[in-house]
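Residue numbers (this note's numbering): 102 to 531.
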């Protein structure tokens, strides 16, 4: 059966044939990739590939065509006086493109603002406290600005707009969204040295929530970051939107070696229900799933998987899994890096199938004991052939179940599609 050349073709497969097929063409160094290290799919279906050595984020459509309009993400040699070597990327429903470089910073570039164009921004505003009648007029660079636009007791009643181009450029170009050393984050993050954060992974939610998550490799934890209002802008089409800036809210997963703790975090993803999935390089369990549980005014995250109950928690199943992804049906995809394979599980952590591994069936003869005699029997042995995927460092999956893999050492992005629709063999959540 020929391999599908395009993922938009409705290829017919033999009933019951459930193997992962490589989708052609392979995206390789002819696209400009050097070390593609992370991949994410935006709500509009565009594919974002972070390449550290290229200091760039490439943007393609799902057929592999390189897209125009993203030059600001290429050759990022000067963002906040820093050369950016991106190591992770994620895009939220507001089309904020977030990325990290292994420091205590999270950067942001907004696709929508750049597509429409920014006309002006609020340089001054008047704020009213309805309960007291007090009004305050402040500029956007005053100390009180950030507090007033986020204060529940004040509403913005009047705005003075400016079209200063240098300010508009600073908004439209990639810029710092969160920094651990900002005073408000140092103050809020009481029990850790926020300025020493070293982010190894980030994940946005699938809704319009004003928060996101980041893995802090230095402190062995996962933190929740609030998106608070920082600036008010007017787009060329007349639409007025809020910009947001990141503020530390809480540590949701702490250091440890048991289920629901984290040790040397590597990759992270989130599903539609707000459950977090993450991979780690430390002891003892390589893959975790934690679910949010609301207790009064607080939300805590508890382990949803346990050893002995969920196969995905089996000890020694994985070897340095660099990344994990989850699809719309909560099926889980693990980049089992050193074993050069992808393992796929259902929503309950039950093993389903591998991708990126060829299998051959060998017809052989075996001898077994039958009473006091050795009996010769014919049998078949299935042998795995690995090596086509050399070192999968990142994985994601689109709405159709197509798997995207960053095979970093070979400068390739590989795509796999299940020969039979995935949901026919993985039980759907009722």
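Quick reminder that beta carbons are idealized off the backbone N, C-alpha and C, glycines included.
Whole-number beta carbon distance between residue j and residue i, since they are thought to touch under 8 angstroms
i	j	result
residue 327	residue 312	5 angstroms
residue 302	residue 369	4 angstroms
residue 181	residue 276	7 angstroms
residue 256	residue 231	7 angstroms
residue 432	residue 447	6 angstroms
residue 170	residue 128	Actually they are not in contact, since the Cβ atoms of residue 170 and residue 128 sit about 19 angstroms apart, beyond 8 angstroms.
residue 273	residue 215	6 angstroms
residue 456	residue 186	Going by Cβ atoms, the distance from residue 456 to residue 186 rounds to 28 angstroms, so no, they are not a contact pair.
residue 251	residue 330	5 angstroms
residue 239	residue 226	7 angstroms
Per-residue burial, residue i [other beta carbons within 10 Å of its own, 16 or more giving buried]
i	result
residue 532	Residue 532 is absent from the model: the chain starts at 102 and stops at 531.
residue 111	Bear in mind that the predicted position of residue 111 carries a pLDDT of just 36, short of 50, making it too unreliable to give a figure here.
residue 414	buried
residue 85	Lying outside 102 to 531, the shown extent of the chain, residue 85 is not represented and no answer is given.
residue 278	buried
residue 517	buried
residue 467	exposed
residue 333	buried
residue 146	exposed
residue 103	With a pLDDT of only 41 at residue 103, under the threshold of 50, the placement of this residue in the model should not be trusted; the figure read from the coordinates follows. Counting Cβ neighbours within 10 Å, residue 103 comes out exposed, since fewer than 16 surround it.
residue 422	buried
residue 79	The chain is shown from 102 up to 531; residue 79 falls before or after that span and cannot be answered.
residue 152	buried
residue 60	Outside the displayed span of the chain (102 to 531) sits residue 60, for which this structure offers no information.
residue 174	buried
residue 159	buried
residue 314	buried
residue 155	buried
residue 389	buried
residue 280	buried
residue 131	exposed
residue 177	buried
residue 345	buried
residue 394	exposed
residue 233	exposed
residue 381	buried
residue 201	buried
residue 371	buried
residue 527	At residue 527 the pLDDT is 43, less than 50, meaning the model places this residue with poor confidence and gives no usable figure here.
residue 506	buried
residue 339	exposed
residue 472	exposed
residue 434	buried
CA nearest to the CA of residue i, picked from the options
i	options	result
residue 386	396, 374 and 419	419
residue 290	349, 127, 257 and 211	349
residue 411	382, 453, 438 and 492	453
residue 210	216, 199, 217 and 127	199
residue 443	395, 503 and 162	503
residue 357	315, 323, 341 and 338	323
residue 319	325, 341 and 293	293
residue 364	314, 449 and 321	321
residue 179	123, 259 and 271	271
residue 266	397, 229 and 218	218
residue 491	244, 396, 430 and 441	441
residue 406	343, 362 and 493	362
residue 317	242, 367, 284 and 310	367
residue 487	458, 477 and 465	458
residue 229	381, 241 and 249	249
residue 508	501, 521, 493 and 519	493
residue 236	244, 254, 243 and 242	254
residue 460	383, 521, 489 and 247	489
residue 126	150, 163 and 119	163
residue 375	343, 384, 305 and 383	305
residue 244	408, 284 and 212	284
residue 91	246, 282, 241 and 247	The chain is shown from 102 up to 531; residue 91 falls before or after that span and cannot be answered.
residue 247	196, 148 and 347	347
Min CB distance residue i to chain B below 7 angstroms
i	result
residue 242	No chain B appears in this structure, which consists of one protein chain only.
In chain order, each beta strand (DSSP E) run of at least 3 residues that lies wholly inside the stretch 196 to 283:
197 to 201, 206 to 211, 219 to 229, 236 to 240, 256 to 263 and 276 to 280
Pairing CB atoms from the stretch 498 to 512 with CB atoms from the stretch 129 to 149, are three or more of them under 8 angstroms?
yes
Are there three or more Cβ pairs, one per stretch, closer than 8 angstroms when the stretch 411 to 427 is compared with the stretch 487 to 503?
yes
Is the stretch 188 to 206 in contact with the stretch 140 to 158, if contact means three or more CB pairs nearer than 8 angstroms?
yes
Pairs of beta-carbons, one from the stretch 213 to 223 and one from the stretch 283 to 299, closer than 8 angstroms: are there three or more?
no
Quick check: the stretch 398 to 411 against the stretch 352 to 361, are there 3 or more CB pairs under 8 angstroms?
yes
Residue ranges of each beta strand (DSSP E) within the stretch 378 to 414, 3 or longer:
388 to 396 and 399 to 404
Going along the chain, which unbroken runs of the beta strand (DSSP E) with 3 or more residues stay wholly within the stretch 160 to 198?
189 to 192
In chain order, each beta strand (DSSP E) run of at least 3 residues that lies wholly inside the stretch 317 to 369
322 to 336 and 341 to 354
Within the stretch 492 to 517, ranges of the beta strand (DSSP E) (whole runs, at least 3 residues)
493 to 498 and 504 to 508
In chain order, what are the residue ranges of uninterrupted beta strand (DSSP E) at least 3 long that sit wholly in the stretch 283 to 317?
300 to 305 and 312 to 317
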